[in-house]
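Just below is one structure, and these are the notes that go with it.
Protein chains: 2
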Amino acid sequence: MVTTWPPNFPVLGEGCKLFSDWVFAMSGGEMAIKIYGSGELIPALECFDAVSSGAAEMASGAAYYWAGKNEAFPFFTSIPFGMNAQQMNAWLYSGGGHTLWKELYANYNIIPFPAGNTGMQMAGWFNKEINSIDDFKGLKMRIPGLGGKVLDKAGGTPVLSGGSEIYTNLERGVIDATEWIGPYHDYVMGFHKIAKYYYAPGWHETGSTLELLVNKREMDNLPEHLKVIIETAAARFNVWCLSEFESKNNTYLKKIIEEEKVEIRTFSKETLSALQKISSEVMEELGNKNEVNKKIYTSYMDFMKGVRNWSKYSEKLYYNDISL
Amino acid sequence: MVTTWPPNFPVLGEGCKLFSDWVFAMSGGEMAIKIYGSGELIPALECFDAVSSGAAEMASGAAYYWAGKNEAFPFFTSIPFGMNAQQMNAWLYSGGGHTLWKELYANYNIIPFPAGNTGMQMAGWFNKEINSIDDFKGLKMRIPGLGGKVLDKAGGTPVLSGGSEIYTNLERGVIDATEWIGPYHDYVMGFHKIAKYYYAPGWHETGSTLELLVNKREMDNLPEHLKVIIETAAARFNVWCLSEFESKNNTYLKKIIEEEKVEIRTFSKETLSALQKISSEVMEELGNKNEVNKKIYTSYMDFMKGVRNWSKYSEKLYYNDISL
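Order-wise, the sequence lines are chains A and B.
Per this note's numbering, the first sequence starts with residue 1, numbered consecutively.
Per this note's numbering, the second sequence starts with residue 325, numbered consecutively.
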């Protein structure tokens, strides 16, 4: 298994190790998975190709990393102003999403499984105040993918930089802001030492699904019990990972606020509404580019609309009127 | 496996069947689990004792069904104004909750696993309007457990009745109101035909964890691979079940509103705040009754406080400012 995470990366790398342990134990030692951190065998962004060609049998990553191959991939990780973790799982497991995902990846000789979720992310670390949508104008921010496209349309400059360069770039003012993940991983990166404001919510990644990739030919040749072992271990990875994020983010947010005295800010409703308008345009254009995109876009959007309507009587009331 | 669900009960019974299929497949046919619906082998409420004594090897149920044995059990299902599904999973898998649960059930020769979650429930079906906390006075409502205790303290009369009698009791005015689960299961029960109002949110069950019970002696005697197979299949059941509830509740809420023309109401903030005050008193008393209760109560409450603080920057903002 090649992975897009540095060796032993918190939560995501740990989850791959657990996944491998579970598969080994369940198969009575029949299937032993050796895990390679990013760069150990191949670079992070070549994992998809490695599994597709059969150079590696498995990978752990996220669909939006390979958006260059197919613009529809991000629907299976996270899109700006998209579904959260609970809704994504519902779409994937029970709303037809996983079927569409498998159809799409079959073209690349890969079978995907949901295997991990970050939950809601933070908007990121800023050295400039954001009081309205206009404050994104001229903002140099490290924000990849569709979020970057939205920033660009808002007048900002999305900057690409690998994990290892972000800290220095932010410190030296090469960038004004950066997103990363959430309180736990952000704390480990040390951004609180060099950024003034920590903004919420993570509008660009509202619950990113991580994926297990398996070479389709290799999977098809496995006996039935190993197939089900892989799929079941992936589901356990999925629920374990989200739980670990919720738990650790809670602990580290407290540290960031109380020990590091960081000021947490939230974007105004007006700012978010303006970002949402741009995001909708970006997604609509992407979703209508071809028949494949359209099928996935329509399924995603229809499910999101319905589940959000239900959330008005359930989770939304929970967070507003019960969880005080 | 004995279960507390009627044979083939939607989602929960289906989930038991899937669990059994996964275990059978993963073990290469080594472990075949025969499932009995409630009443087929023993009555629903005797499942815990059956697993404890070894009369059955496994059961599917919910900890709060056995609160008569130990008042601390409901912490592992749901308590009024408690955590939601995502938070419960985080507490159980990553916040020490599952360890406490295993310690508690070890006294009964049982090992518990989280295996299913209903997500947020609805408050229920009412033939009287609830505009303030005073409207609960004299209200005869089918609501078991801690929710029933809260209703009692609010001046109402909690009525116990099995699933099969609720419809007739509500139709004949023996009760004024009933809670059940959420849009999908409630629709199947047909309550929309005989009740005037459908209220949200389900303050008394904000994300009920369901459990897999395994006889401890039997489990301890299993080879390692079957132990991990059971635990991993339970985790898959857990995430599948919540996803299925989210998906089906979304579909059936739409039916209830659009086809059945049911009026959905929400309790006012003041009404919920009054219910929450009573609930806190009930839980504080229960949580301080003895050392065991106190240990679990403290762990639950501390985790809830922390994770709710994190939700103010994540999920709460998602539902208010992103999911529009």
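A virtual CB, placed ideally from N, CA and C, is assigned to each residue, including glycine.
These numbers come from a predicted model, not from an experiment.
Should residue i and residue j be called a contact, given that it needs their Cβ atoms to be closer than 8 Å?
| i | j | result |
| --- | --- | --- |
| Glu639 (chain B) | Asn288 (chain A) | no |
| Ile181 (chain A) | Gln121 (chain A) | yes |
| Gly119 (chain A) | Gly207 (chain A) | yes |
| Lys149 (chain A) | Val282 (chain A) | yes |
| Asn238 (chain A) | Asn644 (chain B) | no |
| Ile322 (chain A) | Pro525 (chain B) | yes |
| Leu404 (chain B) | Gly479 (chain B) | Looking at the sequence itself, residue 404 (chain B) is Pro, so the reference to Leu does not match. Taking 8 Å as the Cβ cut-off, Pro404 (chain B) and Gly479 (chain B) do not qualify as a contacting pair. |
| Gly630 (chain B) | Lys254 (chain A) | yes |
| Pro144 (chain A) | Leu151 (chain A) | no |
| Ala380 (chain B) | Met325 (chain B) | yes |
| Leu463 (chain B) | Lys477 (chain B) | no |
| Gly406 (chain B) | Met628 (chain B) | yes |
| Leu610 (chain B) | Glu427 (chain B) | no |
| Ile256 (chain A) | Tyr637 (chain B) | no |
| Tyr523 (chain B) | Phe591 (chain B) | yes |
| Ile357 (chain B) | Val347 (chain B) | yes |
| Ile620 (chain B) | Leu336 (chain B) | no |
| Pro10 (chain A) | Tyr184 (chain A) | yes |
Identify the residues that DSSP records as bridge partners of residue i: which are they?
| i | result |
| --- | --- |
| Asn117 (chain A) | A:Thr209 |
| Tyr521 (chain B) | B:Phe450, B:Glu587 |
| Arg142 (chain A) | A:Val159, A:Thr178 |
| Pro112 (chain A) | A:Leu213 |
| Val563 (chain B) | Its beta-bridge partners do not exist; DSSP assigns none. |
| Thr328 (chain B) | Thr328 (chain B) is not bridged to any residue. |
| Tyr388 (chain B) | Partner(s): none; Tyr388 (chain B) has no beta bridge. |
| Tyr360 (chain B) | B:Val326 |
So what does DSSP say about residue i, is it helix, strand or coil?
| i | result |
| --- | --- |
| Ile256 (chain A) | helix |
| Met543 (chain B) | helix |
| Thr77 (chain A) | coil |
| Met717 (chain B) | Since the displayed chain B opens at 325 and closes at 648, residue 717 (chain B) lies outside it and no answer follows. |
| Ala396 (chain B) | coil |
| Pro334 (chain B) | coil |
| Arg632 (chain B) | helix |
| Ala59 (chain A) | strand |
| Trp297 (chain A) | According to the sequence as given, residue 297 (chain A) is Tyr; it is not Trp. The answer is helix: DSSP assigns Tyr297 (chain A) an H, G or I state. |
| Tyr637 (chain B) | coil |
| Lys613 (chain B) | coil |
| Glu30 (chain A) | coil |
| Pro507 (chain B) | helix |
| Ser456 (chain B) | coil |
| Ile366 (chain B) | coil |
| His204 (chain A) | coil |
| Ser603 (chain B) | helix |
| Lys593 (chain B) | helix |
| Ser323 (chain A) | coil |
Within 10 angstroms of the Cβ of residue i, are there 16 or more other Cβ atoms? Answer buried if so, exposed if not.
| i | result |
| --- | --- |
| Thr346 (chain A) | Here chain A has residues from 1 to 324 only, and residue 346 (chain A) is not among them. |
| Asp186 (chain A) | buried |
| Lys572 (chain B) | buried |
| Asn107 (chain A) | exposed |
| Ala50 (chain A) | buried |
| Ala123 (chain A) | buried |
| Asn455 (chain B) | exposed |
| Asn290 (chain A) | exposed |
| Gly440 (chain B) | buried |
| Ser53 (chain A) | exposed |
| Leu324 (chain A) | exposed |
| Asn332 (chain B) | exposed |
| Thr401 (chain B) | buried |
| Asp176 (chain A) | buried |
| Asn633 (chain B) | exposed |
| Thr298 (chain A) | exposed |
| Glu375 (chain A) | The displayed coordinates of chain A run from 1 to 324. Any statement about residue 375 (chain A) would go beyond what the structure contains. |
TODO: Report yes or no: do three or more beta-carbon pairs, one from the segment 482-493 of chain B and one from the segment 507-517 of chain B, lie closer than 8 Å?
DONE: yes
Open item on the list: Quick check: the segment 534-553 of chain B against the segment 25-38 of chain A, are at least 3 beta-carbon pairs closer than 8 Å?
Closed with: yes
- [ ] Report yes or no: do the segment 379-391 of chain B and the segment 261-272 of chain A share at least 3 C-beta pairs separated by less than 8 Å?
- [x] no
Open item on the list: Three Cβ pairs or more, each shorter than 8 Å: is that satisfied between the segment 556-566 of chain B and the segment 475-486 of chain B?
Closed with: no
TODO: State whether the segment 434-448 of chain B contacts the segment 528-537 of chain B, with contact taken as three or more CB pairs (one from each stretch) at a distance under 8 Å.
DONE: yes
Task: Touch test, the segment 92-106 of chain A against the segment 561-571 of chain B, Cβ-Cβ under 8 Å, three pairs minimum - done: Contact holds: three or more Cβ-Cβ distances are below 8 Å.
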